[in-house]
Amino acid sequence: MYQAHGDAVKNTSLLIDTLGFHSLMDDIFTRLLTLTSYISHRFIQFIEDLVFRDVIRCSENLVVVSSERNPGCSCHSICTSISEGCSLSSKPCISISSPTVLEGRTSGLREELLVNARSEFVESNYNYRGVPIFFQGLMLPLSSLRFAWRLSLLSWKQFFSYLRCIQVQVQSITSRVCTTLRGSSDDIGWLQCTPGMASVEDGTARFLELLAGIRNGEHKLPNSFVYLLIPGLFSNHGPLYFVGAKRFFSKMGLACHIAKIHSEASVEHNAWELKQYIEELYWGSGKRVMLLGHSKGGVDAAAALSVYWSDLKDKVAGLALVQSPYGGSPLASDILREGQIADKETRKIMEFLICKLIKGDIRALEDLTYEKRKEFIMKHKLPENIPLISFHSEASIAPGVLATMTHIAHAELPWLPFPNFSNEESDNVQAGRQVPVVIPSSAAMAVCALHLQLRYGEKSDGLVTCRDAEVPGSVVVRPDKKLDHAWMVYSSRKKNPSEPDSCEMCEALLTLLVELGKMKQEARENSND
13 MYQAHGDAVK NTSLLIDTLG FHSLMDDIFT RLLTLTSYIS HRFIQFIEDL VFRDVIRCSE
73 NLVVVSSERN PGCSCHSICT SISEGCSLSS KPCISISSPT VLEGRTSGLR EELLVNARSE
133 FVESNYNYRG VPIFFQGLML PLSSLRFAWR LSLLSWKQFF SYLRCIQVQV QSITSRVCTT
193 LRGSSDDIGW LQCTPGMASV EDGTARFLEL LAGIRNGEHK LPNSFVYLLI PGLFSNHGPL
253 YFVGAKRFFS KMGLACHIAK IHSEASVEHN AWELKQYIEE LYWGSGKRVM LLGHSKGGVD
313 AAAALSVYWS DLKDKVAGLA LVQSPYGGSP LASDILREGQ IADKETRKIM EFLICKLIKG
373 DIRALEDLTY EKRKEFIMKH KLPENIPLIS FHSEASIAPG VLATMTHIAH AELPWLPFPN
433 FSNEESDNVQ AGRQVPVVIP SSAAMAVCAL HLQLRYGEKS DGLVTCRDAE VPGSVVVRPD
493 KKLDHAWMVY SSRKKNPSEP DSCEMCEALL TLLVELGKMK QEARENSND
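Each residue of the sequence shown is one higher than the one before, starting from 13 at the first, in my numbering.
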């Protein structure tokens with residue numbers, strides 16, 4: 013009996029030892045599994061930190077580049093793709109266009125993702141308790157598969173986001189290239205294509221008759237007007253601009269003036285200056301004023317009449333626009349057009365040249381673009397009852413013009429001693445002399461005219477196309493002689509006595525303008541009767 017009791021006790025202790033051993037082994041396996049899960053989640057968390065940090069940094073750089081190259085492109089698609097790919101976050105992403113705000117948003121998103129990852133790990137640790145060891149061992153590969161799926165999904169979404177942004181950049185570059193190549197081809201001659209614009213009348217035949225009479229000594233310009241010559245762009249840097257024409261008219265006993273305006277100012281500013289200048293001449297002389305504007309000067313004069321016609325209708329007798337870009341200039345538009353290649357860099361260069369170097373206003377050139385001219389003409393149209401003449405010409409592109417020099421100024425030499433070869437005594441000092449300043453403007457105009465002809469197929473004087481110089485409702489003069497843009501205001505070093513000069517052409521234009529004014533006055537009188 014005692015032996016059976018001892019065997020029972022031994023069996024009981026052996027059973028207890030066996031149960032304790034199994035409990036100990038379960039505890040050891042549980043701790044090993046917990047440690048393994050902890051290490052795996054820490055590793056996964058480390059990988060997530062690296063991946064999300066790279067993704068967020070790349071997204072920020074992508075948004076900044078996209079916002080710089082295409083400001084109209086929203087960052088909503090990028091933020092949405094990040095929020096959808098990172099499904100660990102429970103808050104939706106908000107479209108952000110500011111890189112600073114985006115940085116704060118993405119840092120918060122990263123912290124939220126990491127906090128959610130850690131919370132999932134803690135919850136998974138709690139969920140491991142009470143689960144069989146076999147199922148607990150399956151959680152590690154399942155977590156790895158889930159992480160791999162999320163990482164692949166995020167990678168695909170980021171890949172498509174990159175593709176969308178690359179597509180936007182390619183479209184932007186393509187648009188810039190097309191805009192640059194198209195240039196002003198759709199704008200040249202827009203005045204003739206716009207409905208409602210008055211038609212023009214050809215006055216070339218009568219102009220040539222008057223020019224032939226002037227060369228034969230028949231001068232018909234009356235002394236009952238004051239003749240005002242209005243210079244064009246950059247005329248302040250050419251001291252001889254219109255000087256020859258003014259001297260020519262003064263010798264005939266006519267009251268002639270050159271408008272003292274800042275040629276590098278905007279059209280609106282010069283229109284106001286001309287309005288005051290015309291009123292001073294009218295009140296000072298009691299005579300009406302005949303206007304002749306060259307290049308931008310004609311645009312300024314037309315702007316003065318369009319805006320201030322109620323004040324000038326009894327003071328101005330007519331306007332002749334000589335080689336004026338009334339419809340706009342393709343060169344000015346091609347230089348300052350927005351949306352083309354290197355548009356910002358080109359504008360900065362022109363601002364430095366015009367604003368810093370010659371102390372002008374960039375609007376002086378900008379107002380001659382097609383965009384600005386369309387806006388101004390549609391808002392301020394010329395009065396219908398004023399005599400108008402449009403004069404335009406075609407520059408020569410022959411090789412001979414490369415040797416033609418244009419006289420634009422005089423340079424004063426200082427007092428210099430010269431050797432005296434005579435026997436007479438003298439102070440051996442000779443007064444200073446004037447040296448002509450010449451530039452190859454004809455060669456430059458020929459190059460520009462060739463460029464416009466090859467690119468757009470348009471005839472021009474080098475700066476202004478013939479179609480853009482024709483003012484609606486005006487009498488157009490189209491001379492057969494090849495004349496560049498600077499010929500009408502500067503004298504050439506090579507003069508041909510058998511051909512008319514610029515002064516005689518200006519007189520013929522003003523004589524035709526006087527005749528046109530008389531015809532309009534007679535027509536008004538007949539209509540009143």
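Backbone N, C-alpha and C define an ideal beta-carbon position, used for all residues, glycine too.
How would you label residue 334, buried or exposed, when you count the other beta carbons within 10 angstroms and need 16 or more for buried? So residue 334 counts as buried.
Boundaries of the beta strand (DSSP E) in which residue 517 is found, first to last residue: Residue 517 -> not in any beta strand (DSSP E); alpha helix (DSSP H) instead, spanning 514-540.
Can you tell me the Cα-Cα spacing of residue 243 and residue 320, whole angstroms? So the alpha carbons of these two residues sit roughly 20 Å apart.
Kindly indicate which three-state DSSP category residue 56 falls into: helix, strand or coil? The answer is helix: DSSP assigns residue 56 an H, G or I state.
Rank 313, 342, 220 and 483 by C-alpha distance to the C-alpha of residue 192 and give the top, closest one. The alpha carbon of residue 192 has as its nearest neighbour, out of 313, 342, 220 and 483, the alpha carbon of 342.
Could you give the DSSP three-state label for residue 406: helix, strand or coil? DSSP places residue 406 within a strand segment (E or B) once states are collapsed to three.
Going straight from the alpha carbon of residue 323 to that of residue 528, what length do you get? One C-alpha to the other measures close to 22 Å.
Give a yes or no on contact between the stretch 207-223 and the stretch 512-528, applying the rule of three or more CB pairs nearer than 8 Å. Contact annotation: the stretch 207-223 touches the stretch 512-528, with at least three C-beta pairs closer than 8 Å.
Helix, strand or coil: which one does DSSP assign to residue 302? Three-state result, residue 302: strand.
Span of the beta strand (DSSP E) holding residue 331? Element bounds for residue 331: 328-334.
What runs of the alpha helix (DSSP H), each 4 residues or longer, lie entirely inside the stretch 330-405? Counting only runs of 4 or more, we get 342-348, 355-363, 375-378 and 382-391.
Residues near residue 501 by beta carbon distance below 6 Å, same chain, minus five either side: The answer, listed in chain order, is 253, 254 and 306.
Considering just the uninterrupted stretch of the alpha helix (DSSP H) at residue 210, what are its terminal residues? For residue 210, there is no enclosing alpha helix (DSSP H), as DSSP marks it with neither H nor E.
Given residue 2 as reference, the closest of 498, 399, 400 and 239 once Cα atoms are compared: In the structure as shown, the chain starts at 13 and stops at 541, and residue 2 therefore has no counterpart that could be examined.
Does the Cβ-Cβ distance between residue 382 and residue 202 come in under 8 Å? Taking 8 Å as the Cβ cut-off, residue 382 and residue 202 qualify as a contacting pair.
Run the CB neighbour count on residue 199, radius 10 Å, all protein chains shown included, and call it buried at 16 or more, exposed below. Its Cβ being crowded by 16 or more others within 10 Å, residue 199 is buried.
How long is the line joining the alpha carbons of residue 386 and residue 164, rounded to whole angstroms? The straight-line gap from Cα to Cα measures roughly 55 Å.
Rounded separation between residue 396 and residue 316 - CA only: Roughly 14 Å separates the two Cα atoms.
Within its chain, find whatever has a CB closer than 6 Å to the CB of residue 273; leave out the 5 residues flanking it on each side and keep chain order. Take residue 273, set aside five residues on each side of it, and the residues of its chain with a beta-carbon closer than 6 Å to its own are 282 and 285, in chain order.
How many angstroms separate the CA atom of residue 219 from the CA atom of residue 452? C-alpha separation (whole angstroms): 29 Å.
If you drop the 5 nearest sequence neighbours on each side, which residues of the same chain put their C-beta closer than 6 Å to that of residue 460? These residues qualify, in order along the chain: 474.
Range of the contiguous alpha helix (DSSP H) that encloses residue 249: For residue 249, there is no enclosing alpha helix (DSSP H), as DSSP marks it with neither H nor E.
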